Each structure stands twice: as C-alpha cells, then as structure tokens.
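Residue numbers (full-length UniProt numbering): 1 to 305. Here a beta-carbon is modelled for each residue, glycine too, at the ideal position from N, C-alpha and C. Note that the structure is a prediction, hence the values are computed from the model and not measured.
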C-alpha cells in the first residue's frame, strides 16, 4: 500500500490518500477482479479482453497510444558479418518486406500503428510523412535477394538470433559500463553465473517511448547501445555534433528531424509498429493521461465526477 504524503511538492496532483498495488499475472483473473470490483483500475488489459470488459456497465477502456515500438535493428550496417547489409539497397529492401498494416490489424488486434521511423509522435523529430517511405512490396525484396550482394544475407549462413552484439555498451554513452567486446573476451564467471555473448547481424528490439535525444544517440551514435557495431557516417556524425552543441530545444529538435529523415532514407533499421496499450477503470475513476506512458504512473488516474 502507498500512502500519500501531504508534504510532497506536487501533492495536489494525486487525488488518492492511499493506493493499493496488486500483481495479477493471469489475464482471466484480472478481468474477473475488474468485474467484481476487487480492483478499480488496471493499467494493462489484453486486447482479447477488451470487448468483454466494455460490455460491463461501469467499466471504461482507454487506449494509450505509442507506449512502445517493435523494430528490426539492422545492427551490422557495415557488413561485418553479412556484407550485403552494407548496401543501402538491401536495407531498404528489408523495409519493403514488412506488411505493417497487416501486422497491426492481425498480429496486434489493431492495437498499434504502422511505423517506419524510430522517433515517437510524442516529440518533435517525428514526421508523419516518413511513414510513407517504404510501400509494402514483396517483389522488390525478391529482386534484391537474387543479387550477388544479398545472397549471403538470406542464405543458409545468415544467423538471425535475438541477442546482443559485439560492440554494444550496456548504456548509451554512460560511464562505468564495460564494453561487450571485453565481456566476450573474458567469459569467466561473474556474480555466480557465466555469460555468453554472440555476435549477430539483426535483432528484433522492443523499445520504449523515449525523447528525441535518447533515440538519436541510442540508435545513431557510435556509442549507442542500439548501434552495437559502432557504425559511423560522416553526414550523420556532423548532425550528431550539431545536436550536442545545440543551445536551445528548438535548435536541437531541428537537428533531430534531420537525423530522423536520414535514418529512414538510409534504412539504418527497419521499424515495424508503434504499440498501443489498454487501460481499464471502473466507475468513479478516470484515465486522464493517454500519451507518453512507457509504464503506468499514478498521475495517469484520477477520480471521476
């Protein structure tokens, strides 16, 4: 149980004197708890439960947009493991191969939005027009796959495992973290367990709703944790330098917009979808914040009149 502190600097923003937090892992148990009034709000409702709960008088379902995204990180942009990935045409062909609309409609029960950029609509770098860059086209990737360059990418030797890669740091540009190259060279036990680092060219990555600066340097900086091979480009380096030197939010946002456009055009990765989530509230409670919620927070809820 959490008890409200009246001396908190922002106490007026929290209308509840106490909040009881319960962990209910089973979706059916959570649905039953909402129906019976055992819980008043649920910050994570499965799409399969939506219609059933919406039919219950006194329960309202709200959709929180852009809580996360799913991206195919084309980590080996320099072609270290798979030479074909160094060719921008191959990376662009990968982007063309995703039927994003169909993925949202069927795999996600409509709870999401197609996306071709790693930046979020919540912040300034996002450009809706960039989401029309790569039209779904099965034939385009097939033609590309027949080329000499891309046979090695799609052949039997292409290992697509969901693991980290060689030069990623545990934190984007943060001090004190060991480079994974060191970890790979030192496979001894740490803290009672052994770790194993495997170098892979591609990885599917679920990412949180982050501000422009976090996205820019996490994805595009040579030290970024989502740029594990430390790929660099002179044009990109110049933009990152200007972003670091920006003296105002407006100036930085303009540079982040340039980085976003560059990243999409050069197929630095293959973003697939922005995910939405469902929040349920019983009568007497309201969901007041339906944007920029990576994880539920208390100020997402209020009492209703």
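message: Bridge partners for residue 68 per DSSP, in chain order?
response: 208, 275
field: Own chain partners of residue 104 with C-beta closer than 7 Å, once the 5 adjacent residues on each side are dropped
entry: 110, 112, 113, 114, 273
message: residue 15 and residue 116 - do their beta-carbons sit closer together than 8 Å?
response: no
Segment limits, alpha helix (DSSP H) that includes residue 112: Careful: residue 112 lies outside any alpha helix (DSSP H), inside the beta strand (DSSP E) at 112-114.
message: Checking 8 Å against the spacing of the C-beta atoms, do residue 59 and residue 30 come in under that value?
response: no
- prompt: For residue 206, does the count of other Cβ atoms within 10 angstroms reach 16, so buried, or fall short, so exposed?
  reply: exposed
Contiguous alpha helix (DSSP H) assignments of at least 4 residues, all confined to the segment 33-118: 50-54, 88-96
C-beta atoms of residue 261 and residue 127 nearer than 8 Å: yes
query: Where does residue 240 sit, in a helix, a strand or coil, going by DSSP?
result: helix
query: Can the beta-carbon of residue 39 be found closer than 8 Å to that of residue 278?
result: no
message: Alpha carbons only, please: which of 95, 65, 217, 135 is nearest the one belonging to residue 121?
response: 65
- request: Could you check the C-alpha separation between residue 42 and residue 28 for me, to the nearest Å?
  value: 13 Å
field: For residue 281: DSSP bridge partner residues
entry: 41, 60
According to DSSP, residues forming a beta bridge with residue 130: In the DSSP output, where bridge partners are listed per residue, residue 130 has none listed.
query: Among 125, 208, 1, 268, which one has its Cα closest to the Cα of residue 202?
result: 268
query: If you drop the 5 nearest sequence neighbours on each side, which residues of the same chain put their C-beta closer than 6 Å to that of residue 11?
result: none
message: Which residue wins for smallest C-alpha separation from residue 254, given the options 69, 22, 123, 72?
response: 123
- request: Please state whether DSSP places residue 301 in a helix, a strand or coil.
  value: strand
Residue environment, residue 6, which counts as buried when at least 16 other CB atoms sit within 10 Å: exposed
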